[in-house]
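Participant: Numbering (UniProt numbering), first residue to last: 1 to 551.
Beta carbons: idealized from backbone N, C-alpha and C, even for Gly.
The following block contains the structure, expressed as structure tokens.
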């Protein structure tokens, strides 16, 4: 794998950068280089724009290491257009390519280092500096860090190729500092005190042992089982010079996830969040990840009391262009940050913020289903068994019982033995047993679905038939708090409307629907909504009008 990629790099250099190519092929790759497929790929790389070709070769390395290792190391590289966007936004905020030190603490593949170096060289040339002086400046003002020595060597070669014209004229080699080590703890970064950081950090949940390893350095933002990219965001603020700029390409889950609450508070107390790009349309940038993605631009500052802060927001359109949608207030706490995912959501979200109604105003509270299938040892049955003295059996509700169009259909997809439809309990007073009508939601949904909120009402008649029921933990239950609460059928219909779905997307950046997000979900004024419905307005239009009337 490593030999193949280094061999391809050698062939590419021979074809297009002959003065940089080593006289001999990398050890162990000679035989591979004679294969026609390898020759053809090297020829294709030579014909592509350089930055695109570098991206595809780095991605080839990531694919060849295998799915398991790729996921473990989170080897998903930054497409050139996104790297350019991050750098553009940093420059827009005052980052200098001629006077400041730029660093990438997870630089594998050189996706940021290469375009930064190219821009530095061009900017320095415009000031009249010679190629030799340009290289000397870049050596001092550009650096990177990565755990993978093979990727560091590939990055070094990419930088040499990107600056090949300057190297040829100057008659010297490049000495950009690329450090091998963990970007979360490496002291070499702290010594550099960079002015600007640009980074696409790895993203995956940390194992328990890893959490303990990083707790000393990052304990202030560790909550539950954190994602490693959250620690990288924290690390950028630890090492960037006070007043320096940070450009991040990350999943959007840090904007709303409960495990990022402390990180959001840290960002509000130690930085100004200057701009956020929402990249919900991943196809527009061929992003090779499943999560929604964001570009975030921060400016480090001295720690201070949390204050309300407005952040500029742009959204990526299907044609690959970005559209500015305005400035949005970030809550002065660890609450989710409401940020629109589309330009059409902006006015709706601002109106929802003005109203501030939540589930509690509708008389409901949310909780996750009680039964965890692989841990729960209570007997489960495919059919309701015969009644026996001392045995109480009630329906077991699965997420598949909630249909995509918002109906409750118990047992509609019990294809596996573990998905049996009934469970034995001790009594109706047992923890987790629900004995009243409610609204059920699928807990796992995707941003690619038509609706993120998929809700279904459980009727009073169905509950009366069995006395109670138990939900497994891929179901979220919205339970009425009082007899006067809105009927489950009415609440489910409201949650299934398009306007509520758009408001929910603005506070949910993960693939699961979280109780914490539902608690923060802003809903229309129930009194105003009831008035509009009484006039015969269709529900979607009534919900939208009730939202907008709050502004």
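Given 8 Å as the limit, is there contact between the segment 181-188 and the segment 81-88, that is, 3 or more CB pairs closer than that?
Facilitator: The segment 181-188 is not in contact with the segment 81-88.
Participant: Could you please give me the residues that DSSP links to residue 503 through a beta bridge?
Facilitator: BP columns for residue 503 are empty, so no partner.
Participant: Provide the residue span of the alpha helix (DSSP H) that contains residue 117, from first to last.
Facilitator: Per DSSP, residue 117 belongs to the alpha helix (DSSP H) from 113-126.
Participant: Take the Cβ of residue 287 as the centre, count every other Cβ of all protein chains shown within 10 Å, and call the residue buried at 16 or more, exposed below.
Facilitator: Note that residue 287 scores 46 on pLDDT, short of 50, meaning its location in the model is unreliable and no value can be drawn from it.
Participant: Can you give me the C-alpha to C-alpha distance between residue 12 and residue 163, rounded to a whole angstrom?
Facilitator: Computed Cα separation, rounded: 15 Å.
Participant: Identify which residue in 492, 79, 346 and 463 has its Cα closest to the Cα of residue 548.
Facilitator: 346
Participant: Is it buried or exposed, residue 275, if we count other Cβ atoms within 10 angstroms and call 16 or more buried?
Facilitator: buried
Participant: Excluding five sequence neighbours on each side, which residues of the same chain lie with their C-beta closer than 8 Å to the C-beta of residue 48?
Facilitator: 56
Participant: CA-CA distance, residue 460 and residue 437?
Facilitator: Going by the C-alpha atoms only, they are around 5 Å apart.
Participant: Would you mind stating whether residue 273 and residue 334 have Cβ atoms separated by less than 8 Å?
Facilitator: no
Participant: Considering Cα atoms alone, identify which of 449, 181, 471 and 233 is closest to residue 424.
Facilitator: Cα-wise, what sits closest to residue 424 is 471.
Participant: Between which two residues does the beta strand (DSSP E) carrying residue 48 extend?
Facilitator: Residue 48 -> no beta strand (DSSP E), and no H or E assigned at all.
Participant: Quick check: the segment 367-377 against the segment 520-534, are at least 3 beta-carbon pairs closer than 8 Å?
Facilitator: no
Participant: Could you check the C-alpha separation between residue 542 and residue 91 for me, to the nearest Å?
Facilitator: For the pair residue 542 and residue 91, the Cα-to-Cα distance works out to about 44 Å.
Participant: Are three or more beta carbon pairs between the segment 219-226 and the segment 161-177 nearer than 8 Å?
Facilitator: no
Participant: Round the Cβ separation of residue 78 and residue 111 to the nearest angstrom and send it over; I've been treating them as touching at under 8 Å.
Facilitator: 4 Å
Participant: Assess, as a yes-or-no matter, whether the segment 373-393 is touched by the segment 439-458 under the definition of 3 or more beta carbon pairs within less than 8 Å.
Facilitator: The answer is no - the segment 373-393 does not touch the segment 439-458, with fewer than three Cβ pairs under 8 Å.
Participant: Closest to residue 523 by C-alpha separation, out of 509, 21, 545 and 101, would be which residue?
Facilitator: 545
Participant: What does residue 278 pair with, by DSSP beta-bridge criteria?
Facilitator: 294 and 315
Participant: Per DSSP, what kind of secondary structure is residue 141 in: helix, strand or coil?
Facilitator: helix
Participant: What separation, rounded to the nearest whole angstrom, lies between the Cα atoms of residue 257 and residue 510?
Facilitator: 7 Å
Participant: Whole angstroms is fine: what's the gap from residue 229's alpha carbon to residue 210's?
Facilitator: Cα-Cα distance, rounded: 13 Å.
Participant: Under 8 Å between the Cβ atoms of residue 108 and residue 155?
Facilitator: yes
Participant: Bridge partners of residue 38, per DSSP?
Facilitator: The partner list for residue 38 (beta bridge, DSSP) is empty, contrary to what the question assumes.
Participant: Report the residue from 237, 152 and 361 whose alpha carbon sits nearest the alpha carbon of residue 193.
Facilitator: 237
Participant: In the DSSP assignment, the beta strand (DSSP E) including residue 231 goes from what residue to what residue?
Facilitator: Careful: residue 231 lies outside any beta strand (DSSP E), inside the alpha helix (DSSP H) at 228-239.
Participant: Enumerate in chain order the residues of its own chain whose CB-to-CB distance from residue 506 is below 7 Å, with the five nearest sequence positions on each side excluded.
Facilitator: 338, 339, 340, 341, 345 and 349
Participant: Tell me which residues share the same chain as residue 496 and place their Cβ nearer than 8 Å to its Cβ, disregarding the 5 neighbours each side in the sequence.
Facilitator: Apart from sequence neighbours up to five positions away, the residues of its chain that approach residue 496 with a beta-carbon distance below 8 Å are 406, 451, 453, 454 and 455, ordered along the chain.
Participant: So residue 214 is in the alpha helix (DSSP H); what residue range does that whole segment cover?
Facilitator: 208-218
Participant: Taking the beta carbon of residue 44 as the centre, do at least 16 other beta carbons fall within 10 Å, making it buried, or is it exposed?
Facilitator: exposed
Participant: If you follow the alpha helix (DSSP H) that residue 158 is in, where does it begin and where does it stop?
Facilitator: Its alpha helix (DSSP H) spans residues 149-162.
Participant: If you measure between the beta carbons of residue 245 and residue 122, is that distance less than 8 Å?
Facilitator: no
Participant: With C-beta atoms as the reference, is residue 295 less than 8 Å away from residue 277?
Facilitator: yes
Participant: Just the Cα atoms here: how many angstroms apart are residue 284 and residue 317?
Facilitator: In this prediction, residue 284 scores a pLDDT of 48, lower than 50, which makes its location untrustworthy; the coordinate-derived value is nonetheless stated afterwards. Using only the alpha carbons, I get a separation of about 7 Å.
Participant: Starting from residue 541, trace the alpha helix (DSSP H) both ways and give me its first and last residue.
Facilitator: Its alpha helix (DSSP H) spans residues 539-548.
Participant: Determine the direct distance from the alpha carbon of residue 214 to that of residue 532, and round the result to whole angstroms.
Facilitator: One alpha carbon belongs to residue 532, the other to residue 214, and they sit about 53 Å apart.
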